[in-house]
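Those protein sequences? They're chains A and B, same order as listed. Note that the numbering used here gives residue 244 to position 244 of the first sequence, counting from 1, and the numbers run on in steps of one. The number in the numbering used here is simply the position in the second sequence, starting from 1, with 249 added. We put the CB at the ideal spot given by N, CA and C, even for glycine.
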Amino acid sequence: LTQGASLFNDLQGSCLRRHTAVERVTPAFLPEPSPAVANACADFAPQGVALVQDANVLAAYFQAMQELAAFDNSSVSTPAEAAGANGATAADLNSSQIDSISKLSGLVTRAFTGNYRRNHLLEYLRDADPHVAVLTTGLENVVGKDYQGLLTEERRNLNIEYQRVFKPGDTALTLLLNRAYRGDIGELNRRQSAAVAYVQALQQIRQAHRKLAASARRLETKQVSVELEPYTKKLQDLLWPMKQIARDN
Amino acid sequence: MADEANRARQLANLFATMAEDVDDYRTKHFSELTLAQRTVFEDAIERLDDAHDDFTSVAIDATLNSIEKDLPQIAAITTQAGEALQHLKNVAAVAKIASSLAALAAAITTADYGLIPGAIEDITTVLNTTQAS
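This is the structure:
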């Protein structure tokens with residue numbers, strides 16, 4: 001989720017690239033956009049920052065829930081079993097009594113921590129679900145519709161830009177333009193794929209959360225953690241194109 | 250707020266579609282058009298794209314506003330989940346202390362004085378770990 005930052009920050013980037021291209025053959029070695037171009041895209045900069053912050057709130061929530069669901073009960077029950085055994089030994093009980101008290105101590109502690117964890121997880125999943133739905137839908141709309149719209153526009157303008165400078169019959173120029181065009185289109189395709197992957201990830205997160213919130217009462221806490229895990233894994237797999245973009249930028 | 254975002258997106262799409270249509274026409278008739286005619290179409294596309302960008306920006310603002318009220322709820326639940334986890338960790342720490350104290354009590358009760366230094370060492374370790382965490 002945090003990798004979505006590269007997409008949100010590119011809202012302004014896409015706008016700047018289109019406007020820079022529209023300024024008749026701007027030298028690439030002068031990367032600063034003109035004040036007019038920067039002004040035309042100014043709104044997208046603070047919006048990108050706000051969207052990254054929103055995505056971070058969502059990521060922090062999932063991280064906290066995953067940690068709570070994955071808490072190792074044995075870290076509580078094993079010392080409790082030992083405490084029970086030691087207490088029973090001190091009370092001078094026989095070996096089978098010591099064993100019973102030890103196991104009972106562990107079970108009671110495990111039941112307490114298990115119930116505590118399950119009840120809280122259920123409450124949090126249920127309470128957070130409508131808000132997770134609103135947030136993921138909002139981010140999905142921005143990336144899937146707004147950002148994709150800007151990229152489509154950028155693609156159209158990229159074609160116009162190349163058509164404008166193309167001179168029929170000039171083989172050397174055609175060769176160089178072809179090479180540059182493939183590079184630019186490839187980069188654009190990569191951004192579009194990253195946006196598609198991010199949208200898919202948000203949809204899966206929303207569906208998984210809804211499913212969990214609805215069925216968590218029937219699931220053991222360990223199962224909640226197991227249920228969350230494939231989505232977390234899938235999310236990581238889906239996010240590689242965005243990581244690529246972030247690294248290249 | 251979500252409606253406002255949807256309306257802005259519909260308008261943005263409208264301008265995007267118009268730009269697409271103009272570009273389709275320009276592309277289909279590219280060889281027949283003079284340079285001046287192409288420029289007219291390209292300027293029109295640019296203006297339509299600008300309008301698309303303006304409404305896209307309005308849609309993003311409206312989206313940010315629409316999710317604004319949900320963020321504190323998610324942040325609050327995140328804090329609660331962190332506190333619940335901390336509580337469980339504290340229980341684990343207390344259980345470890347209880348285990349060590351019980352071992353000490355067992356060593357004293359059974360008069361196994363050789364075990365006492367080890368039991369005290371365990372308690373010190375557990376307390377230090379608990380304080381550190």
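ask   = Just checking my contact of residue 322(B) with residue 131(A) at CB under 8 Å: how many whole Å lie between their CB atoms?
value = The residue given as residue 322(B) occupies position 73 in the second sequence. The residue given as residue 131(A) occupies position 131 in the first sequence. Indeed, because the Cβ distance is near 5 Å, the residues count as touching under 8 Å.
If we count the other Cβ atoms within 10 Å of its Cβ and call it buried at 16 or more, is residue 245(A) buried or exposed?
-> Numbered from 1 along the first sequence, position 245 holds the residue referred to as residue 245(A). In this prediction, residue 245(A) scores a pLDDT of 48, lower than 50, which makes its location untrustworthy; no coordinate-derived value is stated.
Minimum Cβ-Cβ distance from residue 185(A) to chain B less than 8 Å:
In the first sequence, residue 185(A) corresponds to position 185, counting from 1. For residue 185(A), the answer is no, since every Cβ of chain B falls outside 8 Å of its Cβ.
Got a sec, what are the start and stop residues for the alpha helix (DSSP H) residue 43(A) sits in?
As a working note, residue 43(A) is residue 43 in the first sequence. Residue 43(A) -> no alpha helix (DSSP H), and no H or E assigned at all.
Within-8 Å CB hit, residue 301(B) to chain A: Here residue 301(B) refers to the residue found at position 52 when the second sequence is read from its first residue. It does; some Cβ of chain A falls within 8 Å.
- Task: Starting from residue 299(B), trace the alpha helix (DSSP H) both ways and give me its first and last residue.
- Result: As a working note, residue 299(B) is residue 50 in the second sequence. Unbroken alpha helix (DSSP H) run through residue 299(B): 284-317.
- Excluding sequence positions up to five away, which residues of its chain have a Cβ less than 6 Å from the Cβ of residue 19(A)? By 1-based counting over the first sequence, the position of residue 19(A) is 19. Within the same chain, residue 19(A) has close Cβ partners 37 and 40.
Start-to-end residues for the alpha helix (DSSP H) that takes in residue 172(A):
Taking the first residue of the first sequence as position 1, residue 172(A) is located at position 172. Per DSSP, residue 172(A) belongs to the alpha helix (DSSP H) from 171-215.
(Q) Rounded to whole angstroms, what is the Cα-Cα separation between residue 24(A) and residue 126(A)? (A) On the first sequence, position 24 is the one that residue 24(A) refers to. On the first sequence, position 126 is the one that residue 126(A) refers to. With a pLDDT of only 49 at residue 24(A), under 50, the local geometry of the prediction cannot be trusted, and no value is derived from it.
- Message: For the region 9-23 of chain A, list every residue whose C-beta sits within 8 Å of some C-beta in chain B, in sequence order.
- Response: Taking 8 Å as the cut-off between beta carbons, the residues of the region 9-23 of chain A near chain B are 11, 15, 18 and 22, in sequence order.
**Message:** By alpha-carbon positions, which one of 312(B), 332(B) and 298(B) ends up nearest to residue 263(B)?
**Reply:** Taking the first residue of the second sequence as position 1, residue 263(B) is located at position 14. Between residue 263(B) and the set 312(B), 332(B) and 298(B), the nearest pair of CA atoms involves 298(B).
- Message: Could you compute how far the alpha carbon of residue 57(A) sits from the alpha carbon of residue 293(B)?
- Response: The count along the first sequence starts at 1 and reaches residue 57(A) at position 57. The count along the second sequence starts at 1 and reaches residue 293(B) at position 44. Spanning the two alpha carbons is a distance of roughly 41 Å.
Query - Integer-rounded CB distance, given that residue 7(A) should sit under 8 Å from residue 194(A) - result: Counting from one through the first sequence, the residue named residue 194(A) turns up at place 194. Counting from one through the first sequence, the residue named residue 7(A) turns up at place 7. The pair is a contact, with the Cβ atoms about 6 Å apart (cut-off 8 Å).
Establish whether the CB of residue 47(A) and some CB of chain B are separated by less than 8 Å. In the first sequence, the residue the question calls residue 47(A) occupies position 47. Yes, because at least one Cβ of chain B sits closer than 8 Å to the Cβ of residue 47(A).
Margin query: Closest to residue 35(A) by C-alpha separation, out of 172(A), 49(A), 16(A) and 64(A), would be which residue?
Written below: Here residue 35(A) refers to the residue found at position 35 when the first sequence is read from its first residue. Nearest to residue 35(A) by C-alpha distance, out of 172(A), 49(A), 16(A) and 64(A), is 16(A).
Cα-Cα separation between residue 5(A) and residue 52(A), rounded to whole angstroms
For the purposes of this step, residue 5(A) is taken as residue 5 along the first sequence, with counting starting at 1. For the purposes of this step, residue 52(A) is taken as residue 52 along the first sequence, with counting starting at 1. Spanning the two alpha carbons is a distance of roughly 5 Å.
Query raised in the report: Looking only at C-alpha atoms, which of 254(B), 273(B) and 313(B) sits nearest to residue 250(A)?
Result: Chain A is shown from 1 up to 249; residue 250(A) falls before or after that span and cannot be answered.
* chain B beta carbons: is any one of them nearer than 8 Å to that of residue 129(A)? -> Sequence index remark: in the first sequence, residue 129(A) carries index 129 (1-based). Judged by the 8 Å Cβ criterion, residue 129(A) is not in contact with chain B.
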